[in-house]
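Presented below is the structure to which this report refers.
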Amino acid sequence: MVMVLRAGCRAALFLWIFSNISCRARTALPTSQKCDEPLVSSLAHSSFSSSSSLSNSYAAGYAKLNKRGGAGGWCPSDSDHYQWLQVDFGNRKQISSVATQGRYSSSDWVTQYRMLYSDTGRNWKPYHQDGNVWAFPGNVNSDGVVRHDLQHPVVARYVRILPLDWSGEGQIGLRIEVYGCPYWADVINFDGHVVLPYRFGHKKKTLKTLKDVIALKFKTSESEGVIFHGEGQQGDYITLELKKAKLVLSLNLGSNQYGSIYGHTSVTTGSLLDDHHWHSVMIERHGRNINLTLDRHMQHFRINGEFDYLDLDYEGPRGDSPPTSVLRQVHVGTGVPSNIGFKIHLTGVHFDMLILVASIAPFRFDFSKSGTGLNDGQWHEVQLLAKENFAVLTIDGDEASSVRSNSPLKVMTGDKYLFGGFLTQMNVLEHSVLHLSFQGCMQLIHVDDQLVDLHAVEQGKLGSFANVSIDMCAIIDRCVPNHCEHGGICNQTWDSFTCMCDGTGYSGATCHNSIYELSCEAYKHLGKASGSYWIDPDGSGALGPLKVYCNMTEDKVWTIVNHNLQIQSAVVVHKPEKDASLQLNYNATMDQLSAITSSAEYCEQFISYTCKLSRLLNTPEGNPYTWWIGKSNEKHYYWGGSGPGIQKCACGIERNCTDSKYYCNCDADHKQWRKDTGFLSYKDHLPVSQVIVGDIDRPGSEAKLTVGPLRCHGDQNYWNAASFITPSSYLHFSTFQGETSADISFYFKTSAPDGVFLENLGNTDFIKLELKSATDVSFSFDVGNGPVEIVVRSPSPLNDDQWHRVVAERNVKQASLQVDQLPLEIRKAPTEGHTRLELYSQLYVGAAGAQKGFLGCIRSLRMNGVTLDLEERAKVTPGVKPGCSGHCTSFGMYCENGGKCVEKYNGYSCDCSRTAYDGPSCKKEVGAFFEEGMWLRYNFSSAGSNMKDLVSRTLLSSTEPENAASDFNLNREELSFSFSTSKPPGVLLYISSYTKDYMAVLLNASGNLQIRYHLGVTKEPYNINVDHRNVTNGQPHSINITRNGKEITVQLDHYPPITHSLPGTSDLQFSSLKSLFLGKVIELGAIDEEIRKYNTPGFSGCLSRVQFNQVAPLKAALRPTNISSRVHTEGHLVESNCGANPLTIQPMSSVTDPWHADSGDNPSHDGKMLGSDVNRNSAIIGGIIAVVIFTILCTLVFLIRYMFRHKGTYHTNEAKGAESAESADAAIMNNDPNFTETIDESKKEWLI
C-alpha cells in the first residue's frame, strides 16, 4: 500500500506506507538511474536573476558554466556580502551537485560561497552539512571548474548562490552549473480543520503487521499538529505529530488492564521543524525495534511492553470523527493598538540581546518583561503598546502578565525604528554606545498596525539593513542531533554547544570517556585492594557502568556481581500455576553481565536445591521438572557440578548419589531432606536469571533454592597482546567506524626509537598514531579540513621496554592525546567545517604502507569501546606472535615489601612467600593476637641436622643456596615487626643460639622499648634503651633493627634512625642460631635473669609482619608454607591485624598523651557533695543497687570476652613429669623436647 500525500500551503506532507498492495503513485526517479543531469545549461536567460549587475553584458543570464557569452559571466555592481545569483528551474528538481567557474579570462572569481534553496523564491533555506551552514570552497582562477557533490541531495525549484569571498586581484565573477534530476510527487494541503481517512485494502476489519515501513515528507509553518494517526480496537495505536516544532512518534503495541504490561512508548526527535521547508521522515519497525530517521539522522529505540504486532482498524476516522489526523494550526490575533504599536514574531538563542530601539523625544523610558524559555527556538510574539500616558509590553499574547509603566508619561516617537540592534552612533550629537545585537529570526513585523515590507527594505526602498539575511531563518539547533553521549546534557550558544557530564559516569567534551576502569583486573594493576568498585566493561560504548565487588587474591582477581535472591529461599507455587518461578534481579543489565562473562577467562555460579518430596531433573530418563534460564533466555536442564547437554547433578557425575539409580539426590523423591549442589561454570550460559521449579505442588513437597553471586576472574581483553618482531609485520582489521566520535587506547612497550602503531585511510581522510621518536607520540588525522597533528613529548624515553599507555580521542568538539600520566594535549575543532571521518581502507596495526613498522608489543587495543583480538589475528599472521612477555619490567613495582614479581602469560603475580606480608601485592600485614602465656617458637635448625636445613640457611643469609654457610653464623641481620599492647613488661622477640649469643626485644616495666645483644664472650649484654616514649599505649608501633658487624641501626615508628655500636669485646658474628621466640621465652639451659623477669606473665597484645632476614615465623604459623613445620605454638593463635598500620603522625607529648604512663594528675570531678539531710536508707539502697548492676555488668563482660576470645579451645599433652619438674615450662620441655602440641583444628577462634 502506498499513500502519497502532498501539500504546499500552511502544512503539507507526502506519505508512503508500504504493504503488499500495489500503488499508482508516480515516483520521482528509479533508484537505479543516476541523478546527475546538468540543470542550468539549457535554461533561458529569463530563468536567471541577481541582486545587481555591472552592466547588461555582465547580467545573470551569462552565468553558465564554460559559456563565453556577454562579458563571460556574471558580475554584480558592487563586490560585497549582499550580492547573490539566483536560478529558477521552473519546477522542483532533486539537486546532487554544484560546480562553479570564474568570469571567462579575467581576474574575477569567487573563492567561497553559500548555497540557498527554496520552493517559492521567498522563504530560503541554507544548505547544511556536518551540522553547520555550509561554506563551499570556490575557485582559485577564472577558468578552472570546482565541483562539489552534496553530502545529501536537496529538492527545490530555486537555487541562490551567495558569494562570501572572492579574488583579491579582481571582483566577484561567477559561472555555475547545478546537477540533478527531475523530481515530482503528489502533494496534499491541510488547513488545520480537515481529516483525511484512509481505508486499507483488506477484507478484514483489522490490519495486523509485524513489520512496517512508513516514509513521508512534510513542511509547515506551525509548531503543533498531528501528521497521521492510526488506532485499533485492542488499544494499539501509532501517532506522528509536531509538538513545539519537534517531531514526536507515539506507539503502543498493547497494554493490559492490570497495568503489568504498559506498552506506550514516545520518542522525540528534531527541532525547528516549523520552518516551512521539507523534512523527510522514515519509520522502520520490526516487532518492537524501531528506527526513526528524520533528515538523515537515525534514532533507534525499542517499544515498551511484550507484544510485537501492530493491530489497526482497516479504516481511519471519517469526516464526522474527531479530527485526529490533521495538522492543527494555532491562530494568533492580529489586532494592533493605535498610537505606537509593535508586533514581532521572533525566535533565537540569545534573548539578553537587543531586539528594538526607538528614538523617543523628549526623554527615554526603560522597562522589561521576562518570559520563560524564550531561547527555545520557538516563535514568540512581542507586542509593545505606547499611548499618550502609558506603555504596555506583552509576550505571546499573555495579557494577564503584561508589564505596564508605573508613572504617567507622554510618548512621542521620532522617525526611526531599529530592530535587532543599532549603530554605535545614532546621530552626530550623541556619544557612541556599544550594544549586543539580537541573534535569531524575526517575522511579521508590524509598526502602527502596518506590516513592514521586508523586500522593500532589501531593495533599499524602505529603511536599510546590515548583516541581516532577508527571507531566511538560519537558526541551527546545535543540540539536535545531540552529540552529548551517555545522557550528557547539551547546552548551546549561537555557534557552539557544551556538554554537561555530571552524574553520567563519563567525561570529555562529549561525555564520551568513562571515568571508571574496564575491569577489576585493571584496578588491581593500579595497586587497589579488595572492595566495591564501579567498572565499565565496554569503556566508551553504549553500556553504562555497574558496581561490583573486586576480590583481589594472590593469584586471581575475582569480579563478583550480586543479586536479590536470598539464601535458602523457599520455593512457593501460586495457584492456579503448577510451576514456581524464582526471578533473580542483578544490579546490572544482562548486556553488562554478558560483557563481563565474555571477557573473563572463567566464570562460575553456585546453585543448590534442597528438597523433600520434590524431584529435580527427573533422572535418569524423564523430562526435567526443574530448569534454569541463562543470559540468552534459553532453558538449561543441567545442574551445578555438571555441564551442558548432561542431564545430571554433581552426584551423578561423581557417582555418589544417595540412590545409585538416580543422577540427582532429589530425584530419589525421599521424605527426608536431600540436597543437590555444585557450580555452574559454562560461562556462555551465565548468569542464572530465572529458575523454574515444577515438582512442588504435591502434598508434603518442599524445596529451598540457593543461587550464589556471579563470580568471574581474568580479563582476556586487558592482556590481549601481540608482539611485532619485524619492521614489516602488521595486523589488519576491518575499517574503523568513527565518523563523528572516535577513541583509541592501548598499551605498548618497545626498545625501538620509532614506528607506526596504527593507521586507517580514506580518499583524503585518515587517522594515524605513531611513535615519532624515542620521546614523541603523535596522533594525526584529517576529516576534510586539512591534516591535524597532536604530539605529546615525554621527559624520559618511551623506548625503555616498559609498558606505556596511549589514549587518543577525536569528536566534533576537539581532539586529544594523552600518554601515561603526562598532561593531556588538546586541539579544538573549527566551529565550521567538516566533522565526519570517512575511511575506506582496512585498519592496519603495525606497519602501514611504505612506512616503518612498529617493533615491540601492543596490548589491550580498544577502539570505540571494542577490544580488537590481537592474539587471535597474530596466530595466523607471519611476523607477529600472540602474547607478550616481560610484564614484570613494568608491573614489578606493585609487588611491595620484598615481594617477587612472577611472569605469567596473561599478566603477572606477586610471590609473597619470603615476606611477612600477604595479598595480591604483598601489602597485607600478617599478624596475630597473643594472650598472656601464649608463645611461638621457630626452629632455625634441628639437632644433628646439617644439609636438610639448607633452605633455612638460605633464608637467613642469601637467596642462592650455594652461597649458604655450613652453619648459622650471621654477620648481618635485619629484623622488623609492629606491635601493640597496653600491658608491660613483656618479651616481644627473642633469638637464641647453641652458644651464649642471643638477641632480645623487650618492654620494660615503664613501657619503654629495650633491645639486648649478647655476641661473643662479653660478660654483660649490650643494652639499647629506646626511650622516645611510652609504647604500651594500645596503639600500633613499628620497629626496624639492622645490624651490620658492630653497627646497629634502630628506628621506631617515624622517628629518625639512630645508630649504636657494640663494644669492642663483642664478636662480629651471631653464631649458631637456634630458635626465635615471640611472646615468651621457653628455652632449655640458662637464660639471662633480666629476660626471665619479663617472661612472666608473658606478652599480651598484637604482633604483626614479623620478619627476620627472609624468615617470617608468624606468617608461617598462620599460613601453610615450606617452613611451617618448624613453627610451634603454645595456645591457639588467632590471626588479627590489631598490630598493623604503625603510627605515621607525630605522637603527643607525655603531658598531653593520656596513654602515657607519666601523665599528669587525674582530672578533677566537678560533682557536688550530697547534703546532710539526704535519707541514709535511700543511700544504702542505692549503693546496693549500684553494686548489683556493677556485678552483672562485670559478669557479662567476662562472658562476652570468654565467648569471643576463647570460643576456640586448644589442647596440649599434659606433662607426665610435672611432679618432678621445677616449673610448668620445664614440665612441658621434659615431656616434649620438640615443643609439639595438638591443636583442635575444628574449633574456630573469634577475636573482638
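Numbering (this note's numbering), first residue to last: 3 to 1250.
Each residue gets a CB set at the ideal place from its N, CA and C atoms; glycine is no exception.
Worksheet item: Just how far apart, CA to CA, sit residue 307 and residue 290?
Response: On the sequence shown, residue 307 is found 305 positions in, with the first residue counted as 1. On the sequence shown, residue 290 is found 288 positions in, with the first residue counted as 1. Between residue 307 and residue 290, the C-alpha separation is close to 8 Å.
Worksheet entry | Buried or exposed by the 16-neighbour rule on C-beta atoms within 10 Å, applied to residue 496 | Against the sequence shown, residue 496 aligns to sequence position 494. Under the 10 Å beta carbon count, residue 496 is surrounded by fewer than 16 other beta carbons and is classified as exposed.
Discussion item. Quick check on residue 669: does DSSP put it in helix, strand or coil?
Written reply: For the purposes of this step, residue 669 is taken as residue 667 along the sequence shown, with counting starting at 1. Correct three-state label for residue 669: helix.
Practice prompt. Rank 61, 40, 88, 991 by C-alpha distance to the C-alpha of residue 67 and give the top, closest one.
Written response: For this step, residue 67 is matched to residue 65 along the sequence shown. When each option's Cα is compared against that of residue 67, the closest is 40.
Item to complete: Please state whether DSSP places residue 169 in a helix, a strand or coil.
Response: The residue labelled residue 169 in the question sits at position 167 within the sequence shown. Here residue 169 sits in coil by DSSP.
Item to complete: Out of 887, 1065, 924, point me to the one whose CA is closest to residue 901's CA.
Response: Counting from one through the sequence shown, the residue named residue 901 turns up at place 899. The shortest C-alpha separation from residue 901 is found at 924.
Fill in: Local Cβ density within 10 Å of residue 1131, reported as buried at 16 or more and exposed below that
Here the question's residue 1131 lines up with position 1129 in the sequence shown. Buried.
Discussion item. Taking the beta carbon of residue 1108 as the centre, do at least 16 other beta carbons fall within 10 Å, making it buried, or is it exposed?
Written reply: The residue you call residue 1108 lines up with position 1106 of the sequence shown. Flag for residue 1108 reads buried.
Fill in: Rounded straight-line distance, which links the Cα of residue 1000 to that of residue 994
The residue labelled residue 994 in the question sits at position 992 within the sequence shown. The residue labelled residue 1000 in the question sits at position 998 within the sequence shown. C-alpha separation (whole angstroms): 5 Å.
Item to complete: Figure out for me which residue from 868, 515, 714, 888 has the closest Cα to the Cα of residue 812.
Response: Counting from one through the sequence shown, the residue named residue 812 turns up at place 810. With distances taken between CA atoms, residue 812 lies nearest to 515 out of 868, 515, 714, 888.
Practice prompt. With residue 909 as the anchor, note down where its beta strand (DSSP E) starts and where it stops.
Written response: The residue given as residue 909 occupies position 907 in the sequence shown. Note, residue 909: beta strand (DSSP E), 909-913.
Worksheet entry | N-terminal and C-terminal residue of the alpha helix (DSSP H) that residue 654 is part of | Here the question's residue 654 lines up with position 652 in the sequence shown. Start and end: 652-656.
Worksheet entry | Within 8 Å, strictly: CB atoms of residue 539 and residue 598 | Reading the sequence shown from its first residue, position 537 is the one you call residue 539. Reading the sequence shown from its first residue, position 596 is the one you call residue 598. Taking 8 Å as the cut-off, the beta carbon of residue 539 is found closer than this to the beta carbon of residue 598.
Discussion item. Please return the same chain residues whose Cβ sits closer than 7 Å to the Cβ of residue 463, not counting the five positions on each side in sequence.
Written reply: To locate residue 463, count along the sequence shown from 1; it is residue 461. Answer for residue 463: no residue qualifies.
Worksheet item: Thinking C-alpha only, which one of 887, 929, 776 is nearest residue 909?
Response: Here residue 909 corresponds to residue number 907 of the sequence shown, with the count starting at 1. The residue with the shortest Cα to Cα distance from residue 909 is 887.
Worksheet item: Quick one: what's residue 988 bridged to in DSSP?
Response: For the purposes of this step, residue 988 is taken as residue 986 along the sequence shown, with counting starting at 1. Residue pairing of residue 988 in beta bridges, as defined by DSSP: 1005.
Worksheet item: Ends of the beta strand (DSSP E) at residue 184?
Response: Here residue 184 refers to the residue found at position 182 when the sequence shown is read from its first residue. Per DSSP, residue 184 belongs to the beta strand (DSSP E) from 177-184.
Fill in: Identity of the residues DSSP links to residue 300 by a beta bridge
For the purposes of this step, residue 300 is taken as the residue at position 298 of the sequence shown. Residue 300 pairs with 295.
Item to complete: Could you tell me the distance, in whole angstroms, from the CA atom of residue 481 to the CA atom of residue 498?
Response: By one-based count along the sequence shown, residue 481 stands at place 479. By one-based count along the sequence shown, residue 498 stands at place 496. One C-alpha to the other measures close to 9 Å.
Item to complete: Using the Cα positions of residue 38 and residue 151, report the straight-line distance between them to the nearest angstrom.
Response: Mapped onto the sequence shown, residue 38 falls at position 36. Mapped onto the sequence shown, residue 151 falls at position 149. Taking the straight line from one Cα to the other gives about 10 Å.
Worksheet item: Taking C-alpha atoms, which residue in 681, 695, 764 lies nearest to residue 689?
Response: Within the sequence shown, numbered from 1, the residue matching residue 689 stands at position 687. Closest by C-alpha distance to residue 689, out of 681, 695, 764, is 681.
Worksheet item: For residue 284, which three-state DSSP category applies?
Response: Within the sequence shown, numbered from 1, the residue matching residue 284 stands at position 282. If DSSP states are grouped into helix, strand and coil, residue 284 belongs with the strands.
Worksheet item: For residue 551, which residues of its own chain have a beta-carbon under 6 Å away from its beta-carbon, when the five flanking residues on both sides are left out?
Response: By 1-based counting over the sequence shown, the position of residue 551 is 549. The residues are 534, 562.
Practice prompt. Express the C-alpha separation of residue 245 and residue 384 in angstroms, rounding to a whole number.
Written response: Residue numbering aside, residue 384 sits at position 382 when the sequence shown is read from its first letter. Residue numbering aside, residue 245 sits at position 243 when the sequence shown is read from its first letter. Straight-line spacing of the CA atoms in residue 384 and residue 245 works out to 21 Å.
Discussion item. Can you confirm whether the region 564-583 touches the region 639-658 when touching is taken to mean that 3 or more C-beta pairs between the two stretches lie within less than 8 Å?
Written reply: The region 639-658 vs the region 564-583: no contact.
Item to complete: Would you decide whether residue 922 is buried or exposed? Buried here means 16 or more other CB atoms lie within 10 Å of its CB.
Response: Start at 1 with the first residue of the sequence shown, and residue 922 comes out as number 920. Classification of residue 922: buried, given that the 10 Å Cβ count is 16 or more.
Worksheet item: If you count every other CB in all the chains shown that lies within 10 Å of the CB of residue 745, and 16 or more means buried, which is it?
Response: On the sequence shown, residue 745 is found 743 positions in, with the first residue counted as 1. That one is buried.
Practice prompt. Just confirm the distance between the C-beta atoms of residue 662 and residue 748, as a whole number of angstroms; I'd bet it's less than 8 Å.
Written response: For this step, residue 662 is matched to residue 660 along the sequence shown. For this step, residue 748 is matched to residue 746 along the sequence shown. Not really, about 56 Å apart at Cβ, beyond 8 Å.
Practice prompt. Please report how far the alpha carbon of residue 700 lies from the alpha carbon of residue 594, in whole angstroms.
Written response: Within the sequence shown, numbered from 1, the residue matching residue 700 stands at position 698. Within the sequence shown, numbered from 1, the residue matching residue 594 stands at position 592. Cα to Cα, the separation comes out at about 39 Å.
Item to complete: Per DSSP, which residues does residue 1049 bridge with? Please list them.
Response: Counting from one through the sequence shown, the residue named residue 1049 turns up at place 1047. Paired residue(s): 1046, 1063.
Worksheet item: Thinking C-beta only, is residue 161 closer than 8 Å to residue 185?
Response: Here the question's residue 185 lines up with position 183 in the sequence shown. Here the question's residue 161 lines up with position 159 in the sequence shown. Against a cut-off of 8 Å, the Cβ pair of residue 161 and residue 185 comes out as no contact.
Worksheet item: Quick check: the region 789-799 against the region 822-838, are there 3 or more CB pairs under 8 Å?
Response: Three or more beta-carbon pairs separated by less than 8 Å link the region 789-799 to the region 822-838, which places the two stretches in contact.
Worksheet item: Among 636, 603, 453, which one has its Cα closest to the Cα of residue 717?
Response: As a first step, residue 717 is located in the sequence shown; it is residue number 715 there, counting from the start. Ranking the options by Cα distance to residue 717, first place goes to 603.
Discussion item. If you follow the beta strand (DSSP E) that residue 110 is in, where does it begin and where does it stop?
Written reply: The residue you call residue 110 lines up with position 108 of the sequence shown. If you look at residue 110, you'll find it isn't in any beta strand (DSSP E); DSSP assigns it neither H nor E.
Practice prompt. Tell me, please, whether the region 861-880 touches the region 699-713 by the rule of three or more beta-carbon pairs shorter than 8 Å.
Written response: Flag = no, the region 861-880 and the region 699-713 do not touch.
Worksheet item: So which of 720, 870, 607 has the shortest CA-CA distance to residue 633?
Response: Counting from 1 along the sequence shown, the entry for residue 633 is found at position 631. Closest option to residue 633, Cα to Cα, is 607.
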